[in-house]
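Chemist: Residue numbers (this note's numbering): 2 to 519.
#1: In angstroms with no decimal places, state the Cα-to-Cα distance between residue 114 and residue 232.
#2: Buried or exposed for residue 406, going by 16 or more other Cβ atoms inside 10 Å?
#3: Can you list, in chain order, the stretches of the beta strand (DSSP E) that have 3 or more residues and sit fully within the region 325-358?
#4: Hey, how far is the Cα of residue 333 from the Cα of residue 395?
#5: Quick one: Cα of residue 326 to Cα of residue 82, how far?
#6: DSSP three-state call for residue 61: helix, strand or coil?
#7: Give the range of the alpha helix (DSSP H) segment to which residue 121 is assigned.
#8: In chain order, what residues of the same chain lie with their CB nearer than 6 Å to the CB of residue 250, ignoring the 5 residues before and after it?
#9: Is it right to say residue 500 is buried, meaning 16 or more other beta carbons lie within 10 angstroms of its own, or is it exposed?
#10: Measuring CA to CA, which of 508, 302 and 389 is closest to residue 329?
#11: Answer with buried or exposed for residue 443, where buried requires no fewer than 16 other C-beta atoms within 10 angstroms of its C-beta.
#12: Are residue 559 and residue 193 closer than 9 Å when you measure CB to CB?
#13: Can you tell me the Cα-Cα spacing of residue 223 and residue 215, whole angstroms?
#14: Residue 109 to residue 370, Cα distance in whole Å?
#15: Give the list of continuous alpha helix (DSSP H) stretches no shorter than 4 residues that lie fully inside the region 377-459.
#16: Suppose contacts are defined by Cβ-Cβ distances below 9 Å. Is residue 56 in contact with residue 124 by that definition?
#17: Would the beta-carbon of residue 96 fall within 9 Å of that of residue 319?
#18: Using only alpha-carbon positions, find the residue among 269, 399, 87 and 312 that is nearest to residue 466.
#19: Taking the Cβ atom as the reference point for each residue, do residue 383 and residue 187 lie within a distance shorter than 9 Å?
#20: According to DSSP, is residue 291 part of a helix, a strand, or is it coil?
#21: Would you kindly report the start and end of the unbroken alpha helix (DSSP H) that includes residue 158?
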């Protein structure tokens with residue numbers, strides 16, 4: 002029999018806790034945890050904000066590793082093709098191997114997050130990072146290289162799914178969007194750094210081995226830092242470790258403010274209600290049976306789909322190769338690729354502020370048309386007859402693309418995927434979003450070279466990627482709700498509404514903006 006966690010239950014939950022004596026409840030928990038040892042990290046810092054700074058630092062390192070591994074292959078491919086005599090299908094599989102492994106990593110993320118917790122899932126991701134990088138750097142054959150790329154991709158997917166969840170469950174709601182956006186910014190910095198690393202090792206014998214092995218430094222650093230992480234208090238609560246959850250929450254957030262005490266007690270009640278509701282049935286069916294969960298799943302998957310099918314990773318993976326085909330030397334191709342990586346990094350920085358200041362939906366609506374304009378420039382560059390003008394127009398297109406993508410389609414899908422789902426479904430929902438992300442990543446990167454042959458370059462960038470991104474803009478306009486400054490529980494109330502109500506509300510907002518401007 003289906004047991005739904007309805008709006009009425011959540012409202013009743015809020016009413017029950019509004020009538021509680023918060024002081025008595027907190028005092029009760031304090032007495033039960035008296036004498037219990039705190040986690041080492043929490044006892045080292047006198048204030049919760051310092052603990053959050055520590056977590057934020059290593060969350061950033063996790064994002065940096067992802068971005069670094071995305072772009073390292075662009076420079077390495079320029080040398081790998083010759084050293085390993087790669088043909089076009091082999092080049093495509095090497096470049097997309099990380100995305101292929103990401104599909105498996107997204108599936109692995111579900112049991113890891115549910116049974117091992119957020120902290121240990123990140124540690125396993127670090128292990129995959131390390132093994133994959135070692136295999137890449139030491140590979141003697143095409144098969145070993147693909148194996149290294151796939152294993153690395155498993156770690157990337159597991160980390161990409163887990164870190165935003167961990168951040169959303171540990172940080173206050175007022176900082177949640179900013180920290181997930183900062184994670185995305187560090188992905189962009191990692192992408193830029195990948196091009197810089199390629200340039201640094203440009204004249205070193207065995208260039209591509211040093212390029213691909215450079216990520217070992219950062220995966221080791223992340224593994225060391227995560228060893229001192231506390232477990233997510235929401236995950237602990239779901240596992241009936243109430244006292245440990247309380248100790249962790251107190252160390253992360255403090256209990257001086259009424260809002261923090263209320264949120265903890267609300268979390269306790271909601272976790273209990275959701276756990277009771279999930280007993281005796283297969284949780285995956287909730288994505289079909291419960292309207293709120295179904296909508297959250299649809300939004301999470303579609304946001305990641307439109308992010309990937311904007312063509313971003315096709316541009317990143319093959320940036321150096323495209324410049325090489327345009328007639329530039331290997332050296333010039335690597336150096337000019339840094340322009341695209343630098344633009345992506347710089348454009349993503351404002352998102353840290355804007356995502357919580359202006360909201361998720363406005364960024365998508367205002368900036369996505371700029372992404373389409375960039376794709377048009379990239380596509381039109383191939384109509385040029387001379388190398389100089391082709392490179393110039395192509396570079397302008399890449400710069401425009403990433404100026405707008407870096408603060409919209411880059412961070413927003415990650416932010417919203419981390420906040421759409423109820424606690425008991427969050428790891429399942431995030432895994433579906435990340436799975437969608439890596440499937441799209443693999444399809445677009447593996448098929449890119451053949452697509453440019455079949456559709457031509459202008460058809461690929463303008464017709465295919467530009468057309469899909471335009472469809473995505475209308476989806477953002479009509480159906481995507483705003484989640485800015487809402488608690489994870491309040492978001493449920495919005496998604497519980499019928500589709501037509503969300504559509505009507507978005508249309509009314511658009512009409513009011515138009516009438517105000519007139």
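Beta carbons: idealized from backbone N, C-alpha and C, even for Gly.
Modeler: Result, derived from the coordinates:
#1: The alpha-carbon atoms of residue 114 and residue 232 are separated by roughly 11 Å.
#2: buried
#3: none
#4: 15 Å
#5: Between the C-alpha atoms of residue 326 and residue 82 there is a straight-line separation of about 13 Å.
#6: helix
#7: Residue 121: member of the alpha helix (DSSP H) spanning 119-139, first to last residue.
#8: 234 and 265
#9: Residue 500 is exposed by the Cβ-count criterion.
#10: 389
#11: buried
#12: Because the chain in this structure spans residues 2 to 519, residue 559 falls outside the shown range and cannot be described.
#13: 14 Å
#14: 35 Å
#15: 388-406, 413-418, 427-447 and 449-459
#16: Judged by their CB atoms, residue 56 and residue 124 are not nearer to each other than the 9 Å cut-off.
#17: Yes, the Cβ-Cβ distance between residue 96 and residue 319 is below 9 Å.
#18: 312
#19: Taking the C-beta atoms as reference points, residue 187 is found no nearer than 9 Å to residue 383.
#20: coil
#21: 143-171
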